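**Q** Please see the structure below; I have some questions.
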Amino acid sequence: DAMVIQNPRYQVTQFGKPVTLSCSQTLNHNVMYWYQQKSSQAPKLLFHYYDKDFNNEADTPDNFQSRRPNTSFCFLDIRSPGLGDAAMYLCATSRLRSNPGQGSSFYNEQFFGPGTRLTVL
Amino acid sequence: AQKITQTQPGMFVQEKEAVTLDCTYDTSDQSYGLFWYKQPSSGEMIFLIYQGSYDEQNATEGRYSLNFQKARKSANLVISASQLGDSAMYFCAAAINDMRFGAGTRLTVKP
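Each protein sequence line maps, in turn, to chains D and V. If you're matching positions, the first sequence starts at 1 in the numbering used here and goes up one per residue. If you're matching positions, the second sequence starts at 122 in the numbering used here and goes up one per residue.
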């Protein structure tokens with residue numbers, strides 16, 4: 001089955017120790033997203049890739065970086081995790097949709113992975 | 122940037138009854154997509170229903186329907202015949218240049 005896979009499902013790291021979360025997809029979608037979701041809050045978009053074109057949200061801290069080496073994989077690097085970075089990290093994929101005759105496009109529905117829950121000690 | 126508002130932090134509904142979850146959005150763009158997602162306690166985000174800004178008909182998917190009122194910029198989710206398994210967080214989202222989520226509504230279905 002086509003799907004979005006995130007590894008690991010649970011990650012424990014120490015304060016200040018770099019950590020990398022991974023996401024892979026078999027849907028062949030051209031857009032991949034990383035979200036941070038803290039307890040009882042909405043997912044917050046960190047950044048997304050349209051193909052290799054990287055789009056960073058203005059309020060995403062510099063501590064968060066991302067890599068997309070190919071269509072299938074995307075990585076989230078947290079360079080120096082703080083206690084406030086403990087959260088669920090969700091990866092999602094989608095395809096760009098064009099509105100016929102309207103000359104515009106926007107993103108189609110997103111398919112989410114199961115998430116990685118990050119604990120910072 | 123677009124803003125998504127869900128004014129109901131929590132909702133209760135009796136099993137087998139219908140419930141409406143509210144969502145309003147704020148954008149000056151004419152072309153966009155509106156989505157509803159369900160997030161059970163297990164954490165996965167499940168896509169429920171989609172409405173395009175140029176779609177004239179309200180979207181329906183099984184027991185889910187979207188009451189789209191473009192002039193009011195509202196996209197309310199209607200769940201008919203609620204089931205116990207519908208208890209979850211529900212997020213409204215709008216996609217233009219990126220995807221923005223509302224704060225969510227926690228729905229509890231009572232037996």
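Virtual Cβ for every residue (Gly too), placed ideally from N, Cα, C. Bear in mind that the values here come from a model prediction, so they are computed numbers and not experimental data.
Quick check: what's the CA-CA separation for C144 of chain V versus K191 of chain V?
**A** Looking up residue 144 of chain V in the second sequence gives position 23. Looking up residue 191 of chain V in the second sequence gives position 70. Whole-angstrom Cα-Cα distance: 12 Å.
**Q** Is it a yes or a no for the region 15-22 of chain D touching the region 74-83 of chain D, going by three-plus beta-carbon pairs under 8 Å?
**A** The region 15-22 of chain D, when compared against the region 74-83 of chain D, does touch it at the 8 Å Cβ threshold.
**Q** If we require 3 or more residues per run, which beta strand (DSSP E) segments fall completely within the region 54-88 of chain D?
**A** Segments of the beta strand (DSSP E) lying fully in the region 54-88 of chain D: 64-67 and 73-78.
**Q** Measure from the C-beta of D207 of chain V to each C-beta in chain D and report whether the shortest distance is under 8 Å.
**A** Counting from one through the second sequence, the residue named residue 207 of chain V turns up at place 86. Output row for D207 of chain V: interface = no.
**Q** Can you check whether the C-beta of Y33 of chain D is within less than 8 Å of a C-beta belonging to chain V?
**A** Working through the first sequence from its first residue, we reach residue 33 of chain D at position 33. It does; some Cβ of chain V falls within 8 Å.
**Q** Any beta carbon of chain D sitting closer than 8 Å to that of G183 of chain V?
**A** Counting from 1 along the second sequence, the entry for residue 183 of chain V is found at position 62. Taking Cβ atoms only, chain D never reaches closer than 8 Å to G183 of chain V, which makes this a no.
**Q** Can you tell me whether P161 of chain V is buried or exposed? The criterion is at least 16 other CB atoms within 10 Å of its CB, across all chains shown.
**A** Residue numbering aside, residue 161 of chain V sits at position 40 when the second sequence is read from its first letter. P161 of chain V should be labelled exposed.
**Q** What residues are listed by DSSP as bridge partners for Y50 of chain D?
**A** Locating residue 50 of chain D in the first sequence gives position 50, counting from the first residue. In the DSSP output, where bridge partners are listed per residue, Y50 of chain D has D:V31 and D:D53.
**Q** For M132 of chain V and chain D, any beta-carbon pair shorter than 8 Å?
**A** By one-based count along the second sequence, residue 132 of chain V stands at place 11. With 8 Å as the cut-off, M132 of chain V does not count as an interface residue toward chain D.
**Q** Taking Cβ-Cβ distances shorter than 8 Å, what residues in chain V pair up with P8 of chain D?
**A** Taking the first sequence and counting its residues from 1, the one referred to as residue 8 of chain D is at position 8. Result: empty, since nearest Cβ-Cβ is about 14 Å, beyond 8 Å.
**Q** Would you report the Cα separation of C23 of chain D and V4 of chain D, rounded to the nearest angstrom?
**A** By 1-based counting over the first sequence, the position of residue 23 of chain D is 23. By 1-based counting over the first sequence, the position of residue 4 of chain D is 4. So the alpha carbons of these two residues sit roughly 7 Å apart.
**Q** Taking 8 Å as the threshold (C-beta atoms), are A86 of chain D and V120 of chain D in contact?
**A** Your numbering for residue 120 of chain D matches position 120 in the first sequence. Your numbering for residue 86 of chain D matches position 86 in the first sequence. Closer than 8 Å, so yes.
**Q** I'd like the list of long-range same chain contacts for K137 of chain V, defined as Cβ closer than 6 Å, with 5 residues on each side in sequence excluded.
**A** Numbered from its first residue, the second sequence carries residue 137 of chain V at position 16. Cβ neighbours of K137 of chain V beyond the five flanking positions: A202.
**Q** Assuming contact is defined by CB atoms lying nearer than 8 Å, are Y146 of chain V and I170 of chain V in contact in what I supplied?
**A** For the purposes of this step, residue 146 of chain V is taken as the residue at position 25 of the second sequence. For the purposes of this step, residue 170 of chain V is taken as the residue at position 49 of the second sequence. No, the Cβ-Cβ distance between Y146 of chain V and I170 of chain V is not below 8 Å.
**Q** Can you name the start and end residues of the beta strand (DSSP E) that K194 of chain V belongs to?
**A** Here residue 194 of chain V refers to the residue found at position 73 when the second sequence is read from its first residue. K194 of chain V -> no beta strand (DSSP E), and no H or E assigned at all.
**Q** Please state if the CB of Q6 of chain D and the CB of T116 of chain D are separated by a distance shorter than 8 Å.
**A** Counting from one through the first sequence, the residue named residue 116 of chain D turns up at place 116. Counting from one through the first sequence, the residue named residue 6 of chain D turns up at place 6. The answer is yes: Cβ separation under 8 Å.
**Q** Checking contacts by CB at 8 Å: is M88 of chain D closer than that to chain B?
**A** The structure shown has no chain B; the protein chains it does contain are D and V.
**Q** Return the Cβ separation of P69 of chain D and T13 of chain D in integer angstroms, given the expectation that the two are a contact with Cβ distance under 8 Å.
**A** For the purposes of this step, residue 69 of chain D is taken as residue 69 along the first sequence, with counting starting at 1. For the purposes of this step, residue 13 of chain D is taken as residue 13 along the first sequence, with counting starting at 1. Not a contact, Cβ separation roughly 22 Å.
**Q** Would DSSP call D143 of chain V helix, strand or coil?
**A** Within the second sequence, residue 143 of chain V is the residue found at index 22, counting from 1. Coil at D143 of chain V, not helix or strand.
**Q** Using the Cβ count rule (16 or more neighbours within 10 Å means buried), how would you classify D53 of chain D?
**A** For the purposes of this step, residue 53 of chain D is identified with residue 53 of the first sequence, where counting begins at 1. Exposed, because fewer than 16 other Cβ atoms sit within 10 Å of the Cβ of D53 of chain D.
**Q** Cβ of Q127 of chain V within 8 Å of Cβ of L155 of chain V?
**A** Numbered from its first residue, the second sequence carries residue 127 of chain V at position 6. Numbered from its first residue, the second sequence carries residue 155 of chain V at position 34. Not closer than 8 Å, so no.
**Q** Starting from the beta carbon of Y171 of chain V, find every residue of chain D whose beta carbon is closer than 7 Å, and list them in chain order.
**A** What you label residue 171 of chain V is simply residue 50 of the second sequence in a count that begins at 1. The answer, in chain order, is E109.
**Q** I want to verify the contact list: residues of chain V whose CB lies under 7 Å from the CB of H48 of chain D, in sequence order.
**A** Taking the first residue of the first sequence as 1, we reach residue 48 of chain D at position 48. The answer, in chain order, is D219.
**Q** Which residue marks the beginning of the beta strand (DSSP E) containing N7 of chain D, and which one marks its end?
**A** Mapped onto the first sequence, residue 7 of chain D falls at position 7. Its beta strand (DSSP E) spans residues V4 to N7.
**Q** Between the alpha carbons of A58 of chain D and L45 of chain D, how many angstroms are there, rounded?
**A** Counting from one through the first sequence, the residue named residue 58 of chain D turns up at place 58. Counting from one through the first sequence, the residue named residue 45 of chain D turns up at place 45. C-alpha separation (whole angstroms): 10 Å.
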